[in-house]
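Presented below is the structure to which this report refers.
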Amino acid sequence: MRSRIWFAALLVAGCSASLPPAIDDTTRGPDSPTEAPTVSPYDRAEERTKMVDQQIIDRGITDSNVIQAMRIVPRHRFVPDDFADEAYGDHPLPIGHGQTISQPYIVAMMSEALGVGPGDRVLEVGTGSGYQAAVLAAMGCEVYTVEIVAELASRAEAVLSALGYTATVAVDDGYYGWEEHGPYDAIIVTAAPDHVPQPLLDQLKEGGVLVIPVGPIGAVQTMWRFTVDADGAVTGENLGAVRFVPFTRAAE
Ligand code: SAH
Numbered sequence: 000m001r002s003r004i005w006f007a008a009l010l011v012a013g014c015s016a017s018l019p020p021a022i023d024d025t026t027r028g029p030d031s032p033t034e035a036p037t038v039s040p041y042d043r044a045e046e047r048t049k050m051v052d053q054q055i056i057d058r059g060i061t062d063s064n065v066i067q068a069m070r071i072v073p074r075h076r077f078v079p080d081d082f083a084d085e086a087y088g089d090h091p092l093p094i095g096h097g098q099t100i101s102q103p104y105i106v107a108m109m110s111e112a113l114g115v116g117p118g119d120r121v122l123e124v125g126t127g128s129g130y131q132a133a134v135l136a137a138m139g140c141e142v143y144t145v146e147i148v149a150e151l152a153s154r155a156e157a158v159l160s161a162l163g164y165t166a167t168v169a170v171d172d173g174y175y176g177w178e179e180h181g182p183y184d185a186i187i188v189t190a191a192p193d194h195v196p197q198p199l200l201d202q203l204k205e206g207g208v209l210v211i212p213v214g215p216i217g218a219v220q221t222m223w224r225f226t227v228d229a230d231g232a233v234t235g236e237n238l239g240a241v242r243f244v245p246f247t248r249a250a251e
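Numbering (numbering that gives the first Met the number 0), first residue to last: 0 to 251.
See below:
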């Protein structure tokens, strides 16, 4: 039996990868509940600006919605206190349970690859810290996110809620997607399986996009973007080499 514990962050607005590009909400700020802020209401804005300019724009990310979201979402709130100082560094960070929050560039690259915007319905597999979900929510997406480690899901839900990002979080094995809320405009997977889970392709709309790292555990994987055509045919595009934490499976 698959059990689901639901957490809904119902207020407002909302990977694990290393390897730099080389290889190897309806957002609502706390003070303006209906308008997406253009300036972050959160502290450490200077560090965020530098992160976005140097790690994201200078490396070729152009989607203004992604750029704006990452200027706003307070990444330091999603990392454990012990690593808060390093939150805007050009690398992934541990978030407990052997998992990591992805390097900022990887979050930006995957978010752009999804090709989504306001109102699009997105499923994330691998909630982790909740940061990627917050970025998608800040881009105006309707976000559903599934995490297999209950403690991580619980913490992510609390942070998302406290910051006012709306993302619906479930504890589950994301191999099966989340059929109930589908079909999705896009699905993002932030842990690496050794093959593409068919249920995720099945839960995409026509023209929908799956962005997923696939490859052997503990080695370099390939980031793929799969698109489902109108006739149901799937085409894949290689987006480059990455290194992600393993996709794990629930015990039967
Ligand atoms: N997107 C996250 C990064 C997550 S790291 C962030 O922004 O912080 C990858 C996450 O995928 C881990 O938390 C891991 O527990 C989770 N995961 C691994 N296998 C999974 C599965 N089968 N279903 C759901 N989550 C999974």
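All residues carry an ideal CB built from backbone N, CA and C; glycine is no exception.
Taking the alpha-carbon positions, what's the residue 162 to residue 201 distance? Indexing the sequence shown from 1 puts residue 162 at position 163. Indexing the sequence shown from 1 puts residue 201 at position 202. Cα to Cα, residue 162 sits roughly 33 Å from residue 201.
Less than 7 Å between the CB of residue 193 and some heavy atom of ligand 1, yes or no? Here residue 193 refers to the residue found at position 194 when the sequence shown is read from its first residue. The answer is no for residue 193.
Counting Cβ pairs, one atom from each stretch, are 3 or more of them under 8 Å apart for the stretch 60-74 and the stretch 123-138? yes
So what does DSSP say about residue 41, is it helix, strand or coil? Indexing the sequence shown from 1 puts residue 41 at position 42. DSSP places residue 41 in coil when its eight states are reduced to three.
Are there 16 or more other CB atoms within 10 angstroms of the CB of residue 237, so buried, or fewer, so exposed? In the sequence shown, counting from the first residue as 1, residue 237 sits at position 238. When all chains shown are included, residue 237 counts as exposed.
Is the stretch 147-162 close to the stretch 208-220, with three or more CB pairs under 8 Å? no
So within the stretch 105-137, which uninterrupted beta strand (DSSP E) runs reach at least 3 residues, ignoring any that extend past its ends? 120-124
Count the C-beta pairs between the stretch 188-206 and the stretch 114-126 that are closer than 8 Å, then say yes if the count reaches three, no if not. yes
Helix, strand or coil at residue 220 [DSSP, three-state]: For the purposes of this step, residue 220 is taken as residue 221 along the sequence shown, with counting starting at 1. Here residue 220 sits in strand by DSSP.
Identity of the residue in 119, 45, 87, 228 nearest residue 180 by Cα: Along the sequence shown, one-based indexing puts residue 180 at 181. Residue 180 has its Cα closest to that of 119, out of 119, 45, 87, 228.
Flag residue 167 as yes when its Cβ comes closer than 7 Å to any non-hydrogen atom of ligand 1, and as no otherwise. The residue given as residue 167 occupies position 168 in the sequence shown. No, the beta carbon of residue 167 sits no closer than 7 Å to any heavy atom of ligand 1.
Residue 170 beta carbon less than 8 Å from that of residue 146: Within the sequence shown, residue 146 is the residue found at index 147, counting from 1. Within the sequence shown, residue 170 is the residue found at index 171, counting from 1. Closer than 8 Å, so yes.
Consider the C-beta atom of residue 101 and the heavy atoms of ligand 1; say whether any pair is separated by less than 7 Å. Here residue 101 refers to the residue found at position 102 of the sequence shown. Checking the 7 Å criterion, the Cβ of residue 101 is within range of a heavy atom belonging to ligand 1.
Taking 7 Å as the cut-off, is the beta-carbon of residue 164 closer than that to any non-hydrogen atom of ligand 1? Looking up residue 164 in the sequence shown gives position 165. Result no, Cβ not under 7 Å from ligand 1.
Going by the C-beta, is residue 213 closer than 7 Å to any heavy atom of ligand 1? Here residue 213 is taken as the residue at index 214 of the sequence shown, counted from 1. Flag unset: Cβ of residue 213 not near ligand 1.
My assumption, with CB atoms under 8 Å, is that residue 131 sits in contact with residue 189. Please give the rounded CB distance. In the sequence shown, the residue the question calls residue 131 occupies position 132. In the sequence shown, the residue the question calls residue 189 occupies position 190. The distance from the Cβ of residue 131 to that of residue 189 is about 6 Å, consistent with a contact at the 8 Å cut-off.
With which residues is residue 237 paired in a DSSP beta bridge? Locating residue 237 in the sequence shown gives position 238, counting from the first residue. Residue 237 is bridged to 223.
Could you tell me the distance, in whole angstroms, from the CA atom of residue 63 to the CA atom of residue 174? Translated into positions along the sequence shown, residue 63 becomes position 64. Translated into positions along the sequence shown, residue 174 becomes position 175. Residue 63 and residue 174: Cα-Cα distance of roughly 31 Å.
Pick from 245, 55, 47 that is closest to residue 191, judged by C-alpha positions: Looking up residue 191 in the sequence shown gives position 192. Closest option to residue 191, Cα to Cα, is 245.
I'd like to confirm something about residue 98: is its beta-carbon nearer than 7 Å to some heavy atom of ligand 1, or not? Position 99 of the sequence shown, counted from the first residue, corresponds to residue 98. Within the chosen limit of 7 Å, ligand 1 reaches the beta carbon of residue 98 through at least one heavy atom.
Measuring from the CB of residue 151, is there a heavy atom of ligand 1 at a distance below 7 Å? The residue you call residue 151 lines up with position 152 of the sequence shown. It does: the Cβ of residue 151 is within 7 Å (strictly closer) of some heavy atom of ligand 1.
For residue 81, verify whether its CB is less than 7 Å away from any heavy atom of ligand 1. Mapped onto the sequence shown, residue 81 falls at position 82. No, ligand 1 has no heavy atom inside 7 Å of this Cβ.
Compute the beta-carbon to beta-carbon distance between residue 104 and residue 133, rounded to the nearest angstrom, for a pair I have assumed lies under 8 Å. Start at 1 with the first residue of the sequence shown, and residue 104 comes out as number 105. Start at 1 with the first residue of the sequence shown, and residue 133 comes out as number 134. Rounded, the Cβ-Cβ distance is 17 Å, inconsistent with contact.
According to DSSP, is residue 57 helix, strand or coil? Here residue 57 refers to the residue found at position 58 of the sequence shown. Here DSSP, grouped into helix, strand and coil, assigns residue 57 to coil.
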